[in-house]
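What follows is one structure encoded as structure tokens, with my remarks underneath.
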Amino acid sequence: MKVTPTPTAAYLSGVVHSRRMGRTFSIGDMDPDTFSRIKNYDETVGRLDHYYGVVKRQLIANQSFMTGQFPESSAERVVSDVRTSLYCAFSIWCLHQAYKRIDDDRGKTFELGQSVVKCMRGILRSWMKQADKVERFKANQTTHNALHSKFHLVTGDEVLTCEQYNHLQIDVVSLYLLFLVQMTASGLQIVFTIDEVNLVQNLVYYVERAYRTPDFGMWQRGSKYNNGSSELHASSIGLAKSALEAVNGCNLFGDHGSSQSVVYVDIDAHNRNRTIFETLLPRESSSTSSDMALMMAISFPAFGTHDQLLYSKTKSKIVQKLRGRHGFKRFARDGFGTVLEDSSERFYKDSTVQKFERIESEWPLFYMYMIIDGVFRSDKKQVDEYKQLLRPLIHYDRRTDPTLPQYYFVPSEHLSGERAEPGSQPRFASAVGGPGDLFLWGQAMLVVTELLLEELVHINEIDLIRRYLPSYNRPRRTTRYSAFQGTASDLVVQVVLVAESRRLQAMLATYGIQSQTPKEVEPVQIWSQKQLVQASRTLGSQGLSARHTGWSFFRAFNARQSVYRNLGVNWKLGLEGRPPRPIGALGTSKVSIEYRRPIGLWSYVSKVYRISGQTVLCYPLIFDSTDFYLNHDMALLIDDIKSEIQFVGRYWRLSGRPTCCLIMKETHMRDTNFRKMVDLLAMLKTGSCEGVKVRVGRLQNLMSSSCTEHLDFMDAAEDWGVEPEPFRELANKTVGYQSLTDIPTATIYNETEPLTIQELQHKSDHELQHIWRGISTLRGRSYILKLLLDRHGPDYQLEGVTVHQRLVQLNSEAGTLRCWSVLRFCSSLLGRVVDSISPYLTAILVSGKQFAIGVIGQPEVVIDKPLTPAEIESLFFGSVRPLDVIQAVLQQELVLCSGRLILTRPDLFAGILTIRIGWFLQAMELYSRIEGREQPIAEMAPSEVRALLYNVLSLDSNSCNISITPRQQRQIDGCLGRSPRNLHSSVWFILGRTAGGLTIGQRHLPQSPTITDMTVGELRFAILVNDMLAQCPQPELRQIVVQPPFLERNPELSFRGCIELSQMVDEAHRLYLKDVNLPLPYGRTDVFRRRFVYAGSRRHSTVGTEDGGEGGTTSELDGFFQLPPSATAGYLARTVVHHLLTRPMTALDEIDATAALESAAASPQACNIA
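Under our numbering, read the sequence shown as residues 23 to 1192, first letter to last.
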């Protein structure tokens, strides 16, 4: 590698000056050092000209003359590939950046730059034709609404439908945004008009929800099984996170732009992508453990994480599992390019991927990514290592231009040898990548790699926004718009207390707590986040598209918009701007700076705004008066305030301090827990909250240190209508200590009438109306309303008022009286959904878990992919409410609580793969009974439900505060579905030595194709095992079954037949009865196996009941269930040995069997749960 320093600017100016003066410049005019610099300069120009020729012949020669896009390979003449086009454009741009060093470049810098502009604009133009897809995708992230990633090479039109190709690839759109920012920062003008700015802003909305959008990933295959299913991919989320960071605050018109050409990003959407990305790492997806796509997410070009531990763990896993002698595999069991893959079939059949194991194609392209990663990290050892590996793989054509094969494959005659000893067999280069059919992605990256290795371009010249540096080391932008950056370790969260009325302010003052009323914070206005995101969706609901460009449409479209209407709105393209997504804690911790325009301001996502020249502070979502009942629980609100401050303090990534606005209302004073709220406010005054530094003060004093956002993109020539309603002060006739007694305190409501819905369901409508007039209990009235709702619908008149209105009134009354069971009942009948449940649902899924919704004894709906709010609502009210009205909302509470806990305390969910909400409720009921509480969960306050769930998940029989028996521990762990740490590896081990597989009840887990199609660490295998264990009719029986089997301790043993686990537990139970001198129940020896069959036919659980049906009573089995795990494990070990001695087996002689039996009898403790 040759270092070629460029001549100094002073020298070059002297040469130019002497030439302009007409004097001949000679070597004698310079000293030896100057002569050396000229020689190096000439060499630099020569090397650049060499790569210019390579780029012209290999890349630009294959660029479409119409669209500027590139095909995947040079032999392709019809279809362009967006990802390939982006990397080709980036490669040309890198050479463009290198030529900027040269004064006399003979127009090459401009020529290269225009080729880049043509490509980027060609992609933008193709996507602009699909603006209707962008608008639909914002509301419904489905494959049919995805932007295309392949187009016609000449026209830029659609060429493959979503049924013909997997277009949903979030990483492609993210990569475009990332490169667009880099290229715009270099001075290239790519975006020309405001219409294009609006499209790019909507592309930001397109990728904001990458964290909950299953896509087909970088290799367009979805899951590694290539069966047409999509998955959440860490690489897609990582690229989206990086793109959002890069594009936020970017002016797409460069130095010539105004505020209208600035792109804005939701900081909370960015934070969700960051959190989910780092949670998924080092995995790529649920089916793929390691993937080379992750290298492009954690390193060049995205640099998605600067957590050194995550980076090193992910990278080392990639190198360990995917590296080969001819490149890196894309992922394990990848069939692309192998001789065994049938290229005529788009999708694989079942069990196909197993045949590709250990013979996957190796891609030399990825060596270059490792070299580039080493250059950015100044790791010379890594650079030299992969240079040596790459060099023999590069071929040269007749012009001596380097070419790189797309991949290397194992020929059919060497497949067996490669499987037996990976890396031992020769590989052949693919046809794609040769001189006649260039692999353009590889050629593009080869140019970039060589430019970096020869130091013809510096890393700062191809990463102008310094993505490779941690956020706190990046140069700060000089614009007024916020940018993501590092946060100080001693961050202070500013808190502003706003009292609803002057008398509430006086009440707080008696406790020494200073607050402000809305009038006292003027001219600053206080807004709800709903004021920023409320907008009519009539455009999307009516299916309007970019074709509707008439003036009548514009007027209708204009009139239907409310506060948040302007950012990204484009009536010509049919784009409605930002979707009505709630603003999170980070976004409501900003203050917007006023703009100097006479017409009202529109506020943007996740920030605090102002209208008509007024600065606006936005209060968090937890203070919104939502339709859901959680806001009636003061204790829950107190916990949420603490969590909000903790969250903001931990994840704040903007310059300036976050400012949290806490709204105090008079309804809070009526709550019996108001004193706890006062204690919280007093704690905030001390300057600390749960370890976060806090500063409480007047808003006017905190403004100078707040994070501010300038939202001045509104066009003053357009009046967009309705002005939002700010939070206003509540008027009181008198203010003082006397008026404080006027505020009533909430009372605890209790009912004594034993009226049930069963007593009412056979009554006629006339009888129900008569009972309504005389009934006084809330519960009884709610039952009557439900029956009338089921019979006649919500518009039925009950004494002149519709049933729906009666339900709303009753719901409000129950909320005031804190009658939680009636409140939940009415909320369910009204179909109300908890706010922002989707992010918590996604948090559960990306933690490697599923969740199941349903009522015990009925079929469950298992969720393994993120859902939209509409789909979530349909699940709860379509699957659960017909079976149990209250559980339809109670299960929503548990999803919300579980999602919060799994983000902060993932250890609580250790060993739980599927969160079965109905069974979680059962575990909570059991725990509540053990504590001696008689109150049903439906009657508990939401804060009590949350605390109960935490206690159940953190239950440890060795250290808990309550007395708990082994059986009770098994019941709770069984309801939670908690398994030993090594359960799945144990089952894998046993399946490998049991030809007939495993059986529980009527569920069979075969040896093949289970262990041939899957791997031991695969999530799909773990789910399969858990589904089989879910057949256990009793939770405590499940916990007996999952104990580590004795067979694993004796690897020389194997079964020829099928292991029936229920029969083995029966045998262990029989041994126990024999040891304690008890008779068999009813003389039977198949108690447990019969219970499996009975429960399967009846579809109900026997948890906590005494009647076990035909399988025997619970009391008969209680003694066995009460044994400690070590004792039951010992009985199971003896049972395994007995089966080995009495059934067909292999690899075991008489001496081995006797030794195994003695071992089991002597040390049953060895089979303890790990």
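From the three backbone atoms N, C-alpha and C, an ideal C-beta is built for every residue, glycine too. Since the structure is predicted, the reported quantities are computational estimates derived from the model, not experimental observations.
For the region 671 to 725, the full-length alpha helix (DSSP H) segments reaching 4 residues or more read 688 to 692, 696 to 707 and 721 to 724 along the chain. In terms of Cβ geometry, GLU306 and ALA256 form a close pair [threshold 7 Å]. By the C-beta criterion, the region 368 to 375 is judged not to be in contact with the region 424 to 440, since fewer than 3 inter-stretch pairs fall below 8 Å. Judged by DSSP secondary structure, ARG525 falls within the alpha helix (DSSP H) whose first and last residues are 524 to 532. Each residue's CA atom was taken as its position, placing GLY326 and TYR673 some 16 Å apart. For PRO601 against TYR227, the beta-carbon gap comes to about 6 Å, under 8 Å, which counts as contact. As the crow flies, the alpha-carbon of GLU947 is around 26 Å from that of SER860. The beta carbon of ASP1035 sits closer than 6 Å to those of SER373 and GLN376, all from its chain and outside the five residues before and after it, given in chain order. For the options ASN723, GLN211, PRO93 and PRO680, the alpha carbon positioned closest to that of LEU460 is the one of PRO93.
Residue ranges of uninterrupted alpha helix (DSSP H) with 4 or more members, entirely inside the region 428 to 510 and ordered along the chain, are 437 to 442, 462 to 475 and 481 to 484.
For SER804, the three-state secondary structure derived from DSSP is helix. For the options GLU781, SER611, GLN1144 and TYR418, the alpha carbon positioned closest to that of VAL76 is the one of TYR418. With a 10 Å radius around the Cβ and a threshold of 16 neighbouring Cβ atoms, VAL469 comes out buried. The beta carbon of PRO448 sits closer than 7 Å to those of HIS436, all from its chain and outside the five residues before and after it, given in chain order. Straight across, the Cα-Cα distance linking THR297 with GLN791 is about 53 Å. Burial state of GLN80 is buried, judged by a 10 Å Cβ sphere holding 16 or more other Cβ atoms. If you look at ARG750, you'll find it isn't in any beta strand (DSSP E); DSSP assigns it neither H nor E. About 6 Å separates the beta carbons of ILE124 and VAL67, which is inside the 8 Å limit, making them a contact pair.
Nearest in C-alpha terms to VAL517, of all of CYS711, ASN188 and ILE937, is CYS711.
For ARG989, there is no enclosing beta strand (DSSP E); the enclosing alpha helix (DSSP H) covers residues 988 to 998.
When the alpha-carbon of SER434 is set against those of LEU1005, LEU851, GLY606 and PHE378, the nearest one is in PHE378. Boundaries cannot be given for GLU363, as no beta strand (DSSP E) includes it and DSSP labels it neither H nor E. Under the three-state reduction of DSSP, ILE959 is assigned to helix. Residue state for VAL195 is assigned as helix, using DSSP reduced to three classes. Around ARG1042, the same chain offers SER308, SER309 and MET1036 as residues with beta carbons nearer than 8 Å, after the five sequence neighbours per side are excluded.
Per DSSP, reduced to three states, the secondary structure at SER1076 is strand.
For the 7 Å CB-CB criterion, THR1016 and ILE1081 form a contact. Under the criterion of beta carbons closer than 8 Å, VAL883 and ILE875 qualify as touching, at roughly 5 Å. With contacts defined by Cβ atoms closer than 7 Å, VAL397 and GLN119 do not form a contacting pair. Under DSSP, HIS1026 takes part in a beta bridge, and its partners are THR1021. Distance from ILE878 to ILE937 at the Cβ level is roughly 14 Å; contact not present, criterion being Cβ atoms closer than 8 Å. If you draw a straight line from the Cα of TYR818 to the Cα of PHE650, it comes to about 23 Å. By a beta-carbon distance limit of 8 Å, ARG1000 does not contact GLU1058. Their separation comes to about 12 Å. Collapsing the DSSP output to three states places ALA874 in a strand. Taking 8 Å as the upper bound for CB-CB distance, GLN914 and PHE898 are in contact here, some 6 Å apart. Going by DSSP, LEU948 is part of the alpha helix (DSSP H) stretching over 939 to 952.
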